[in-house]
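Take any residue in the sequence shown, count from 1 to its spot, add 118: that is its number in our numbering.
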Amino acid sequence: MHSPSVPVRPALRTAWCPILLCVAVIPLHAQSLVVRDGGPNDFPLVVEGRAAPVWYDSADATVVGIAARDFAEDVGRVSGARPAVVSTGAPGEGTPVIVGTLGHSRLVDRLVSTHRLDVGRIAGKWESFLITTVKDPLPGVSRALVVAGSDRRGTAYGVFELSRQIGVSPWSWWADVPVRRSESLFVRAGTRVEGPPSVKYRGLFINDEDWGLQPWASMTYDPALGDIGPKTYARVFELMLRLRANILWPAMHPITKAFNLYPRDRVLADDFAIVMASSHAEPMLRDNTTEWTAPSRDYDYQRNPAGVLRYWEERVRENGRYENVWTLGMRGIHDSPMVGASTTAEKVALMERIFADQRSLLRKYVNPDVSEVPQAFTPYKEVLPLYRAGLKVPDDVTIVWPDDNFGYIREFPDSAERARSGGSGVYYHISYLGSPESYLWLNTTPPALLWEEMSKAWDLGVRREWILNVGDIKPGEIGLSLFLEMAWDHDRWRLDNIDDFLADWVERQFGAEHAHEIASLLHDYYRLSFQRKPEHLHWGTQGNFSETTSLDENEIWARVQACKDLLARVDSLAERMPAAQRDAFFELVAYPVRGMALANQRYFYTVEYLKENGHNTPLARSFAARARNAAARLDRETAFYNDTLAGGKWRRIMPTYPADDVLEAAMRHRPPTLPSANLAADHPLPDPTAPAAYAFLDTAAAVPGGRFTTVDGVAAMEAEDFTARVDRGGAGWRVVPGLGRTGAGSVAVYPVTTASVDSARLRTDAPRLDYRVDIPTAGSARVRVTLVPTFSIVPGRGLRLAVGLDDAAPHLVVLHRETDSKAWAEQVLDNAATADVDLPVPDAGSHVLHLYMVDPGVVVDRIVLDLGGSEQPGYLGPLETPVRAGAGHALP
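#1: If contacts are defined as beta-carbon pairs under 8 Å, then F247 and G272 qualify, I think. What distance do you get, rounded to the angstrom?
#2: Hey, would you say T930 sits closer than 9 Å to H968, going by beta carbons?
#3: Under the rule that 16 or more other beta-carbon atoms within 10 Å means buried, what is N485, buried or exposed?
#4: For D345, which of V317, S556, W584, D383 has the nearest alpha-carbon?
#5: Quick check: the Cα distance between L639 and Q649, rounded to an integer number of angstroms?
#6: Per the DSSP calculation, N587 is bridged to which residue(s)?
#7: Return the Cβ separation of G450 and M469 in integer angstroms, given the expectation that the two are a contact with Cβ distance under 8 Å.
#8: Apart from the five residues on each side of it in sequence, which residues of its chain come closer than 6 Å, Cβ to Cβ, to G285?
#9: For F722 versus T756, is the C-beta spacing smaller than 9 Å?
#10: With the cut-off set at 9 Å, would you say P710 and Y643 are in Cβ contact?
#11: Determine the burial state of M394: buried for a count of at least 16 other Cβ atoms within 10 Å of its Cβ, exposed for fewer.
#12: Which ranges would you report for the alpha helix (DSSP H) in the segment 213 to 300 if only whole runs of at least 4 residues count?
#13: Out of curiosity, what's the CA-to-CA distance linking E191 and A352?
#14: Around the C-beta of V844, are 16 or more other C-beta atoms found within 10 angstroms, so that it is buried, or is it exposed?
#15: Report the three-state DSSP secondary structure of Y557 (helix, strand or coil).
#16: Output yes or no for whether 9 Å exceeds the beta carbon distance between R770 and W334.
#17: So what's F840 in DSSP terms, helix, strand or just coil?
#18: How would you write the range of the beta strand (DSSP E) that A177 sits in, first residue to last?
#19: Report yes or no: do three or more beta-carbon pairs, one from the segment 611 to 629 and one from the segment 515 to 525, lie closer than 8 Å?
#20: Compute the distance between the beta-carbons of A742 and T724, then report whether it is under 9 Å.
#21: Does the count of Cβ pairs from the segment 240 to 260 and the segment 324 to 341 closer than 8 Å reach three?
#22: Evaluate contact between the segment 728 to 735 and the segment 573 to 593, counting only Cβ atoms and requiring at least three cross-stretch pairs below 8 Å.
#23: What span of residues does the beta strand (DSSP E) with P520 cover, start to end?
#24: So the alpha helix (DSSP H) P736 belongs to, where does it begin and stop?
#25: With a threshold of 8 Å on Cβ separation, who are the neighbours of A808 within its own chain once the five nearest residues in sequence on each side are excluded?
#26: Quick check on the DSSP output: the alpha helix (DSSP H) that includes Y351 runs from which residue to which?
#27: Taking the Cβ atom as the reference point for each residue, do S396 and D405 lie within a distance shorter than 9 Å?
#28: Check for me: the alpha helix (DSSP H) holding V853 runs from which residue to which?
#29: Using the rule of at least 16 other Cβ atoms within 10 Å of the residue's Cβ for burial, across every protein chain shown, is G541 buried or exposed?
#30: Please report the straight-line C-alpha distance between A951 and Q945, rounded to a whole angstrom.
#31: Could you give the C-beta distance for D178 and G218, rounded to a whole number, given that I count them as a contact under 8 Å?
#32: Would you mind reading off the limits of the alpha helix (DSSP H) that contains A941?
#33: Grouping DSSP H, G and I as helix and E and B as strand, with all else coil, what is D617?
#34: Nearest by alpha-carbon distance to E570: which of G552, Y546, D590 is it?
#35: At what residues does the alpha helix (DSSP H) containing Q493 begin and finish?
#36: Where do the ends of the beta strand (DSSP E) carrying T904 lie?
This is how it looks when you write it as structure tokens:
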């Protein structure tokens, strides 16, 4: 498919001289680089059916040739005219696109040495590139478009940036996004410079592939191999380059043969300039599930160090010449705890011995100066307590901090950890198999949550390695795109524009006509899914599930009606999408939205059937029919995805019930127990005798409830509905749009590096929000604060804030979160955590409730002031059993 890997020549030691031509620098994210009608100084890429040839040096890195040929294919798909691709050192005359890497391309180096190309802004930098127009660059060449990279990946990124600019989405193959056709293409005169990236290593982890990617690859895309192998990884690597990713943790479940057991895989990764690494469970690039062939009990470094070390040494010897990030440490076989030590002290000592021995292998086979070898250690699950117990990680090793598997980063580096030469990384999930409940089917992590957590990580110094667990890649396209865009340029998406991300991303895939309508649909999809993921509709935790719910009738029917509305909107859009875009629309929008909505209808109609069965038989039968109809339509949508979509291209990629064959109940997305078919005769819903709560099922009635209620002694306020804001010391509460259970937004203090405020200085120094509320009676009020269940920035401190009424002393609110506890499980399934505090109310009348920052990193979603009433419906989800906040003691 591609030419074999070639050695990369040392970079030329050149004095970078100014270019003789004056050209404008095109700012990043400014006007489009490519236009359909060019001016006299613009470069004619395609004109009157003729495409400019693409020149590159065959002695350059293999990935440069790959990118050049892919770009030529892209130009041909867009314009109908495919450029010639020339790989000689001196191509001759023409008006070419010249592609090359500094110090590795004779073409580019010649332009530099003759002062025709100024590369001072990219020379010596990591993964940087420039795209520029040059007059008279070579004899016989009147004009050229030059794509020059500081290194091999920088060159590839520059070439694929041109592909994106001419109208080829990075998701063109993986999501069937059609190109934007144009018979003429001009590249604006001037220079565009990008890089170095914000995060050095940026990439993805293919995981839990048993039910989607593996069946698709083995039986549809590469049946000759029958596995995820080189043919599939070539597609993955291309996608990564188009998204400017550079590091991969490959698939590693037992169903898939280990990446390195196919020798072509590691060569192919090098051809595409992809940095290979491995998960927290796979030290030294070893996939233990299929590579450790001795008895599992022998994978024990305390009892069998020589055998384990030989096993690691073989891989380091085989792969040491390639670009890798080496995972240090040790766990058990396939994501299980390390064996061979009993006490914490013994485990710490054993792990430090493992570090030393692994680094000795790297010195022997990779680089005698081991500090120059990229290495990482991920304190995942039971390993994190070892690190906090004093485990010494070598200073040059990157510590990759994990989230809690549900999108909330567990810990952040402190000042000493931020000073480590190895820096910090993060391992983040948008797909997960495990307790308390898996979510492998749809990507429902809101962009707002991903942004809030990853921007916080960046601000706190987590900048060396970002890895996203994407499961099967599909349907995680939106989440992966945002994650990698933030990793490439952390300024691209900010607090003041993150609310525009969905519309911007949709417009890039489908054009402007329907962009805002689709973005609005996706916003509501994420909002409803954040309230409760479609995989988590059965309530309860730790395997104790039932076909019940803690929602009341109004909350149930608000949700059912919202899903009904979504289905109508997405179906209307699907009919109006151009024929060429319908496959992509189905994959990126229609199937996720329909899947979520139909799963909710299937579940809640079943709940109502169970309530009415034995009491109102006609009504129960109607609900049974509705539940079975929703289930049947979901099955049809999934069958279309797997059998018909894109001519059968994605056959077997989309399971409705992933992990259904995993027996551990706490890890399963279990199929619902539907009413039997003989009870589900499709009777019309009785009317007008049906209960009022059911009346709007067949109407367009609005969702009940509102964003602010004060009824029966309860005042419920969305956190973003404050009446005043007081900033202090350059910091203040800000709305994070789209984050929270209602979708309007939550509030958090920015910058997240703001110093904590001592309790004695809250009223004078703490950033504050004010909420004006009328309280009808004196006495006592219980304030319930609902938080987005993030983790505190300082380990062990808890989430801390304070509330106060009028000029009274603030009362501290502290919420401690412990992963793997029952409370944590409830919080991540509900995406909410609550704390209560009691405040004295001196008199009836108008009052102001103050919300004070104590520590940054706390995200507030909702505030309820309860004077003895009961909370009103309309919140679309249950509030958890509150955690008492220190009995509400006033601060001094």
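The beta carbon of each residue, even a glycine, is placed where N, CA and C say it ideally should be.
The short version:
#1: Along the sequence shown, one-based indexing puts residue 247 at 129. Along the sequence shown, one-based indexing puts residue 272 at 154. With 8 Å as the limit, F247 and G272 qualify as a contact, their Cβ atoms being about 4 Å apart.
#2: Residue 930 sits at position 812 when you count from the first residue of the sequence shown. Residue 968 sits at position 850 when you count from the first residue of the sequence shown. It is Leu, not Thr, that sits at residue 930 in the sequence shown. Not in contact: L930 and H968 (Cβ atoms no closer than 9 Å).
#3: Here residue 485 is taken as the residue at index 367 of the sequence shown, counted from 1. The residue in question, N485, is exposed, as its Cβ has fewer than 16 Cβ neighbours within 10 Å.
#4: Stepping through the sequence shown from its first residue, residue 345 is reached at position 227. For the set V317, S556, W584, D383, the Cα lying nearest the Cα of D345 is the one of D383.
#5: Along the sequence shown, one-based indexing puts residue 639 at 521. Along the sequence shown, one-based indexing puts residue 649 at 531. Pairing L639 with Q649, the inter-Cα distance amounts to about 16 Å.
#6: Within the sequence shown, the letter at position 469 stands for residue 587. For N587, which the question treats as bridged, DSSP gives the partners F323, H547.
#7: Counted from its first residue, the sequence shown places residue 450 at position 332. Counted from its first residue, the sequence shown places residue 469 at position 351. The beta carbons of G450 and M469 sit about 13 Å from each other, so the pair does not count as a contact at 8 Å.
#8: Your numbering for residue 285 matches position 167 in the sequence shown. V196, V297, R298, listed in sequence order.
#9: For the purposes of this step, residue 722 is taken as the residue at position 604 of the sequence shown. For the purposes of this step, residue 756 is taken as the residue at position 638 of the sequence shown. The beta carbons of F722 and T756 sit no closer together than 9 Å.
#10: Along the sequence shown, read from residue 1 onward, the residue named residue 710 stands at position 592. Along the sequence shown, read from residue 1 onward, the residue named residue 643 stands at position 525. Yes, Cβ-Cβ distance for P710 and Y643 is below 9 Å.
#11: Here residue 394 corresponds to residue number 276 of the sequence shown, with the count starting at 1. Here M394 is buried. Its C-beta has 16 or more other C-beta atoms within 10 Å.
#12: Within the segment 213 to 300, the complete alpha helix (DSSP H) segments at least 4 residues long are 224 to 231, 270 to 284, listed from N- to C-terminus.
#13: By 1-based counting over the sequence shown, the position of residue 191 is 73. By 1-based counting over the sequence shown, the position of residue 352 is 234. If you draw a straight line from the Cα of E191 to the Cα of A352, it comes to about 16 Å.
#14: The residue labelled residue 844 in the question sits at position 726 within the sequence shown. Counting C-beta atoms within 10 angstroms of its own C-beta, V844 has fewer than 16 neighbours from the protein chains shown and is therefore classed as exposed.
#15: To locate residue 557, count along the sequence shown from 1; it is residue 439. Correct three-state label for Y557: strand.
#16: Working through the sequence shown from its first residue, we reach residue 770 at position 652. Working through the sequence shown from its first residue, we reach residue 334 at position 216. Their beta carbons are under 9 Å apart, which means R770 touches W334 by this criterion.
#17: Here residue 840 refers to the residue found at position 722 of the sequence shown. F840: coil per DSSP, three-state reduction.
#18: Locating residue 177 in the sequence shown gives position 59, counting from the first residue. Premise fails: A177 is in no beta strand (DSSP E) and is neither H nor E.
#19: Contact between the segment 611 to 629 and the segment 515 to 525 is absent, with fewer than three C-beta pairs closer than 8 Å.
#20: Walking along the sequence shown from the start, residue 742 turns up at place 624. Walking along the sequence shown from the start, residue 724 turns up at place 606. Here A742 is near T724, since their CB atoms are less than 9 Å apart.
#21: These segments do not touch.
#22: Touching, no, given that fewer than three Cβ pairs across the two stretches are closer than 8 Å.
#23: Translated into positions along the sequence shown, residue 520 becomes position 402. Where P520 is concerned, the enclosing beta strand (DSSP E) stretches over 516 to 520.
#24: For the purposes of this step, residue 736 is taken as residue 618 along the sequence shown, with counting starting at 1. It spans 735 to 761 - the alpha helix (DSSP H) in which P736 sits, taken as one unbroken run.
#25: Walking along the sequence shown from the start, residue 808 turns up at place 690. Summary for A808: the model assigns pLDDT 39, below 50, so the residue's position carries little reliability, and this model does not support an answer.
#26: For the purposes of this step, residue 351 is taken as residue 233 along the sequence shown, with counting starting at 1. From DSSP, the alpha helix (DSSP H) with Y351 extends over 348 to 360.
#27: To locate residue 396, count along the sequence shown from 1; it is residue 278. To locate residue 405, count along the sequence shown from 1; it is residue 287. Yes, the Cβ-Cβ distance between S396 and D405 is below 9 Å.
#28: Taking the first residue of the sequence shown as position 1, residue 853 is located at position 735. Where V853 is concerned, there is no enclosing alpha helix (DSSP H), although the beta strand (DSSP E) it sits in stretches over 850 to 855.
#29: By one-based count along the sequence shown, residue 541 stands at place 423. Its Cβ being crowded by 16 or more others within 10 Å, G541 is buried.
#30: Within the sequence shown, the letter at position 833 stands for residue 951. Within the sequence shown, the letter at position 827 stands for residue 945. As the crow flies, the alpha-carbon of A951 is around 5 Å from that of Q945.
#31: Within the sequence shown, numbered from 1, the residue matching residue 178 stands at position 60. Within the sequence shown, numbered from 1, the residue matching residue 218 stands at position 100. Right, the Cβ-Cβ distance comes to about 6 Å (below 8 Å), so this counts as a contact.
#32: Here residue 941 refers to the residue found at position 823 of the sequence shown. Element bounds for A941: 940 to 948.
#33: Numbered from 1 along the sequence shown, position 499 holds the residue referred to as residue 617. DSSP, read as helix, strand or coil, puts D617 in helix.
#34: Taking the first residue of the sequence shown as 1, we reach residue 570 at position 452. When each option's Cα is compared against that of E570, the closest is Y546.
#35: Walking along the sequence shown from the start, residue 493 turns up at place 375. Element bounds for Q493: not the alpha helix (DSSP H) but the beta strand (DSSP E), 493 to 495.
#36: Locating residue 904 in the sequence shown gives position 786, where the first residue counts as 1. Note, T904: beta strand (DSSP E), 897 to 905.
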